[in-house]
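Peer 1: Residue numbers (full-length UniProt numbering): 1 to 909.
By construction, the Cβ of each residue, glycine as well, lies at the ideal position given by its N, Cα and C atoms.
The model shown is predicted, which means the values in this text are computed figures rather than measured ones.
1) Is residue 678 near residue 779, with beta carbons less than 9 Å apart?
2) Mapping the DSSP letters down to three states, classify residue 451 as helix, strand or coil.
3) Return the residue from the list 265, 504 and 314 that minimises the CA-CA distance to residue 300.
4) Out of 91, 750 and 859, which has the shortest C-alpha to C-alpha gap to residue 796?
5) Do you know how far the Cα of residue 307 is from the Cα of residue 285?
6) Nearest to residue 911 by alpha carbon, out of 462, 753, 403 and 637?
7) Once you ignore the five residues that flank residue 688 on each side, which residues in its own chain have a CB closer than 6 Å to its CB?
8) Mind checking whether residue 896 and residue 874 have CB atoms under 9 Å apart?
9) Rounded to a whole number of angstroms, what is the C-alpha to C-alpha distance between residue 744 and residue 734?
10) Rounded to whole angstroms, how far is the Cβ of residue 608 from the Cβ of residue 627, which I believe are closer than 8 Å?
11) Where does residue 712 land, buried or exposed, given buried means 16+ other C-beta within 10 angstroms?
12) Let me know the secondary structure DSSP gives residue 96 once reduced to three states.
13) Within this structure, are the beta carbons of residue 767 and residue 755 separated by less than 9 Å?
14) For residue 667, list the residues DSSP reports as bridge partners.
15) Just the C-alpha distance for residue 729 and residue 872, rounded to the nearest angstrom, thanks.
16) Since residue 493 and residue 750 should fall inside the 8 Å C-beta cutoff, what is the C-beta to C-beta distance between them, to a whole number of angstroms?
17) Compute the Euclidean distance between the alpha carbons of residue 437 and residue 498, then round it to the nearest angstrom.
18) Check each candidate in 869, 886 and 368 and name the one with the smallest Cα separation from residue 900.
19) Identify every residue that forms a DSSP beta bridge with residue 628.
20) Report the option in 578, 584, 501 and 577 whose CA atom is closest to the CA atom of residue 550.
21) Which residue's Cα is closest to the Cα of residue 312: 268, 56, 318 and 110?
22) Go ahead and pull the three-state DSSP assignment for residue 202.
23) Measuring CB to CB, does residue 643 end up less than 9 Å from residue 802?
24) Taking the alpha carbon of residue 528 as the reference point, which residue from 463, 138, 623 and 414 has its own alpha carbon closest?
25) Since residue 468 is in the alpha helix (DSSP H), which residue starts that stretch and which ends it?
26) Just the Cα atoms here: how many angstroms apart are residue 75 and residue 68?
27) In angstroms with no decimal places, state the Cα-to-Cα distance between residue 613 and residue 765.
28) Could you name the residues that DSSP lists as bridge partners for residue 285?
29) Looking at C-alpha atoms only, which residue of 91, 108 and 107 is the closest neighbour of residue 100?
30) Is residue 738 near residue 857, with beta carbons less than 9 Å apart?
31) Just confirm the distance between the C-beta atoms of residue 707 and residue 855, as a whole number of angstroms; I'd bet it's less than 8 Å.
32) Only counting the same chain, and skipping five residues up and downstream in sequence, which positions put a Cβ closer than 7 Å to that of residue 892?
33) Run the CB neighbour count on residue 371, radius 10 Å, all protein chains shown included, and call it buried at 16 or more, exposed below.
34) Across the stretch 348-367 and the stretch 414-430, are there enough close Cβ pairs to call them in contact, namely three or more that are closer than 8 Å?
35) Going by C-alpha distance, which of 523, 467, 434 and 473 is nearest residue 490?
36) For residue 529, which three-state DSSP category applies?
What follows is the structure, given as structure tokens:
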């Protein structure tokens with residue numbers, strides 16, 4: 001803005017000089033704006049000369065003529081003054097008040113003597129201005145002042161002193177004591193006198209070295225001082241050897257120079273002693289020290305610098321995960337403390353208050369307590385960068401392991417350093433754990449937590465199992481630090497309990513949250529004899545106890561008292577495990593009767609549901625019980641269903657509706673396992689029903705045929721097999737397992753333990769009942785034996801029908817009456833005979849699977865198949881029991897023993 005100040009300077013000389021000042025400032029501003037103006041700087045003084053007056057008038061008239069005849073609009077004076085006010089305001093904003101005041105004073109002065117051309121002149125100055133905000137200087141106003149035609153020489157004190165002779169009178173400039181005389185001044189007067197004399201006494205020597213006022217004058221640096229500085233720093237510019245094969249002469253530096261460069265290097269600054277790779281130079285050595293010793297010192301310092309550089313580079317990396325950011329902040333704090341120690345040492349060497357010996361070795365010894373913990377931390381960073389693990393909490397595992405190793409190595413100082421750093425960073429990792437255990441909520445932005453939420457909402461009954469999951473690595477390991485994995489399940493369960501209580505409306509969060517400390521353990525107060533793992537365990541258990549919530553206990557009480565889980569478990573035993581035999585027989589016999597009479601609608605779900613509700617009436621709420629069949633059951637012919645237990649019966653499904661909270665423990669998967677047990681027990685009852693449905697009646701015949709004896713023998717074995725299997729399942733499998741399960745449920749502390757107990761209970765009864773995958777061949781053999789019971793029934797029925805037809809034919813052909821003789825034994829119903837009547841009116845082809853085979857042959861095949869299956873079952877149970885370490889192995893062995901005893905007993909009979 002120097003152009004504007006130039007204009008205002010002209011206006012400050014009042015109205016008499018305003019016109020000349022404006023003219024002068026016009027040319028001055030133009031010349032200072034561009035290079036052309038610099039070439040025109042001498043023009044104003046030339047035009048002011050009287051000898052060139054004619055040329056000046058000519059130029060003036062020409063310029064005025066062109067200005068009068070222009071075709072452009074006049075300058076907007078308001079825009080011009082607004083721009084000048086803007087410059088003044090900008091100067092004050094930029095804290096350049098002196099220039100703003102100069103501009104304002106000249107604008108005020110110029111306003112008093114301006115004419116109609118003033119806005120145009122000011123606008124021209126604004127157009128010619130070259131960055132006035134940055135380039136304005138008050139000193140430039142001196143350049144536009146008018147020079148005197150004959151300036152007089154300036155008066156100098158040196159000229160006056162030369163004229164008056166002062167420069168030759170040295171006594172004139174001495175200090176004069178204007179104080180009064182005293183005894184204390186006597187020594188000074190004598191000293192001054194002795195200084196002027198040539199006396200060499202002690203007082204004269206002291207007076208000679210007393211500082212005079214002239215001694216306090218600042219001495220200008222000369223060429224000698226510059227050369228001294230260059231010589232002291234010449235070692236930094238090292239010249240290569242002229243002959244490569246000849247080793248260059250080593251440059252000697254002082255201890256203090258080496259100390260300075262080492263401190264710079266440790267601070268992460270550029271230095272001349274180490275190259276970019278941190279290697280020490282080969283052509284520099286310490287004065288009064290061998291090169292080998294100096295090299296060993298530099299190698300030690302370089303190793304420390306390399307580790308510090310690794311820490312500084314790691315801190316500068318950009319990280320988005322808060323857990324890693326906390327680790328970087330902790331490292332940065334320790335580096336700042338180390339830099340403060342370096343600064344203190346630099347101050348010690350820079351401001352020398354007393355004499356001391358500078359030594360590189362002593363420097364390294366003094367730095368070792370500060371460097372040693374950082375070296376261990378740098379090793380952890382090296383392991384972290386070399387590790388292939390991408391888990392953000394991996395550095396916590398490295399810190400934990402390093403603290404344990406340092407404690408075993410008796411490095412107490414570094415052990416406390418690493419341990420304290422571990423607890424500082426672990427406090428950040430505890431924040432999402434605290435949020436989960438207290439509020440049952442997850443922090444969405446936290447990617448380091450080992451619990452995740454399902455992206456889709458699930459039903460309340462599945463919230464415990466499917467809503468939240470423990471994160472797993474691709475290797476199947478828990479996505480959590482190794483030292484925290486034993487407590488992960490408790491953390492997971494506590495948070496899920498809070499979630500369920502929120503759904504029940506029984507959770508009231510605390511209004512005020514206590515702030516967490518920055519570190520949970522002060523390592524300075526920890527005994528070094530206590531293992532670090534125990535220190536952490538004690539800390540974490542204490543922290544868990546402080547965050548302990550009665551969620552699990554409250555949820556268990558709600559489950560058993562409000563939602564009556566015990567009653568639901570009893571109902572499952574009645575329905576699926578058939579603990580109430582009379583009710584189960586009522587339901588099963590009704591289903592079997594519909595199958596036996598070839599009722600094509602035996603699988604109607606409404607009919608089955610009605611039968612089940614009548615069977616369990618008074619025990620179970622009827623609206624909670626439904627029975628249905630699978631879709632493939634309707635495609636099966638009732639004749640096929642009647643012939644085997646593998647068709648029809650497995651499609652019957654019983655559904656018992658449970659409250660949503662109970663379904664957390666009694667999951668859909670567990671109910672499917674209950675269904676397997678129910679189907680097997682139903683198939684067992686089908687075989688027993690076929691064998692015991694009819695009773696044998698004797699018509700006075702005292703003898704039996706061979707076929708009847710064979711039939712009786714096979715039937716006895718089948719009845720014995722079914723009865724033995726039923727007793728085994730009831731007394732050795734279901735009874736003890738149910739009792740143990742109910743006790744475990746009462747002792748369980750939380751839902752997870754209940755789920756584990758229930759899963760173990762289901763597995764025990766499946767293995768004990770030979771329903772496990774390992775026992776599939778044995779189970780198939782047992783089902784084959786059940787089918788043999790149905791085949792035996794059908795064969796006997798066919799034989800009875802055949803005998804009845806023969807008797808009827810003989811009666812029709814016989815014309816002679818004879819006394820009644822014994823007839824073959826026949827089966828009749830133990831209750832009403834409506835079923836036989838119904839069957840008599842139906843097609844008998846449904847039970848004619850062996851119609852073309854003689855009765856004796858069918859019995860022989862059934863007996864051989866039965867013996868073969870029994871031996872296979874017994875041998876298989878023995879083999880599996882010996883090869884397995886399962887809890888059910890002893891039960892399999894007992895079942896095999898029971899079956900073998902029965903085989904031997906029946907064979908002997």
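Peer 2: Taking the structure as given:
1) Here residue 678 corresponds to residue number 678 of the chain shown, with the count starting at 1. Here residue 779 corresponds to residue number 779 of the chain shown, with the count starting at 1. Cβ atoms of residue 678 and residue 779: not closer than 9 Å.
2) Looking up residue 451 in the chain shown gives position 451. Residue 451 falls in the strand class under three-state DSSP.
3) The count along the chain shown starts at 1 and reaches residue 300 at position 300. The candidate whose alpha carbon is nearest that of residue 300 is 265.
4) Working through the chain shown from its first residue, we reach residue 796 at position 796. Among 91, 750 and 859, the Cα nearest to that of residue 796 belongs to 859.
5) On the chain shown, residue 285 is found 285 positions in, with the first residue counted as 1. On the chain shown, residue 307 is found 307 positions in, with the first residue counted as 1. Near 24 Å, if we compare the C-alpha coordinates of residue 307 and residue 285.
6) Examination of residue 911 is not possible in this model, given that the chain is present from 1 through 909 alone.
7) For the purposes of this step, residue 688 is identified with residue 688 of the chain shown, where counting begins at 1. Cβ neighbours of residue 688 beyond the five flanking positions: 722.
8) By one-based count along the chain shown, residue 896 stands at place 896. By one-based count along the chain shown, residue 874 stands at place 874. Yes; because the gap between Cβ atoms is below 9 Å, this pair is in contact.
9) What you label residue 744 is simply residue 744 of the chain shown in a count that begins at 1. What you label residue 734 is simply residue 734 of the chain shown in a count that begins at 1. Cα-Cα distance, rounded: 15 Å.
10) Looking up residue 608 in the chain shown gives position 608. Looking up residue 627 in the chain shown gives position 627. 4 Å between Cβ atoms; contact.
11) Counting from one through the chain shown, the residue named residue 712 turns up at place 712. Exposed, because fewer than 16 other Cβ atoms sit within 10 Å of the Cβ of residue 712.
12) Locating residue 96 in the chain shown gives position 96, where the first residue counts as 1. Residue state, collapsed to three classes: coil.
13) Looking up residue 767 in the chain shown gives position 767. Looking up residue 755 in the chain shown gives position 755. Not in contact: residue 767 and residue 755 (Cβ atoms no closer than 9 Å).
14) Within the chain shown, numbered from 1, the residue matching residue 667 stands at position 667. According to DSSP, residue 667 bridges with nothing at all.
15) One-based indexing of the chain shown puts residue 729 at position 729. One-based indexing of the chain shown puts residue 872 at position 872. C-alpha separation (whole angstroms): 19 Å.
16) Within the chain shown, the letter at position 493 stands for residue 493. Within the chain shown, the letter at position 750 stands for residue 750. Right, the Cβ-Cβ distance comes to about 5 Å (below 8 Å), so this counts as a contact.
17) The count along the chain shown starts at 1 and reaches residue 437 at position 437. The count along the chain shown starts at 1 and reaches residue 498 at position 498. Using only the alpha carbons, I get a separation of about 7 Å.
18) Reading the chain shown from its first residue, position 900 is the one you call residue 900. Residue 869 is the option with its Cα nearest to residue 900.
19) To locate residue 628, count along the chain shown from 1; it is residue 628. According to DSSP, residue 628 bridges with 653.
20) Residue mapping note: residue 550 aligns to position 550 of the chain shown, counting from 1. With respect to the C-alpha of residue 550, the residue from 578, 584, 501 and 577 having the closest C-alpha is 501.
21) Position 312 of the chain shown, counted from the first residue, corresponds to residue 312. Answer by Cα proximity: 268.
22) What you label residue 202 is simply residue 202 of the chain shown in a count that begins at 1. Below a pLDDT of 50, predicted positions are generally treated as unreliable, and residue 202, at 42, falls in that range; the measurement from the model is reported next regardless. In this structure, residue 202 counts as helix in the three-state DSSP scheme.
23) As a first step, residue 643 is located in the chain shown; it is residue number 643 there, counting from the start. As a first step, residue 802 is located in the chain shown; it is residue number 802 there, counting from the start. In this structure, the beta-carbon distance from residue 643 to residue 802 does not fall below 9 Å.
24) Counting from one through the chain shown, the residue named residue 528 turns up at place 528. Per the Cα distances, 414.
25) As a position in the chain shown, residue 468 is number 468, starting the count at 1. Premise fails: residue 468 lies in the beta strand (DSSP E), 468-470, not in any alpha helix (DSSP H).
26) Position 75 of the chain shown holds residue 75. Position 68 of the chain shown holds residue 68. Going by the C-alpha atoms only, they are around 14 Å apart.
27) Reading the chain shown from its first residue, position 613 is the one you call residue 613. Reading the chain shown from its first residue, position 765 is the one you call residue 765. About 26 Å.
28) Walking along the chain shown from the start, residue 285 turns up at place 285. Its beta-bridge partners are 252.
29) Residue numbering aside, residue 100 sits at position 100 when the chain shown is read from its first letter. Here the closest residue by C-alpha is 91.
30) As a first step, residue 738 is located in the chain shown; it is residue number 738 there, counting from the start. As a first step, residue 857 is located in the chain shown; it is residue number 857 there, counting from the start. It is not a contact, given that the beta carbons lie outside the stated cut-off.
31) Here residue 707 is taken as the residue at index 707 of the chain shown, counted from 1. Here residue 855 is taken as the residue at index 855 of the chain shown, counted from 1. About 6 Å; that satisfies the 8 Å criterion.
32) Taking the first residue of the chain shown as position 1, residue 892 is located at position 892. The answer, listed in chain order, is 877, 880 and 881.
33) By 1-based counting over the chain shown, the position of residue 371 is 371. By the neighbour-count rule (16 or more Cβ atoms within 10 Å), residue 371 is buried.
34) No, the stretch 348-367 is not in contact with the stretch 414-430.
35) Residue 490 sits at position 490 when you count from the first residue of the chain shown. Minimum Cα distance to residue 490 is reached at 434.
36) Numbered from its first residue, the chain shown carries residue 529 at position 529. Note: residue 529 maps to coil in three-state DSSP.
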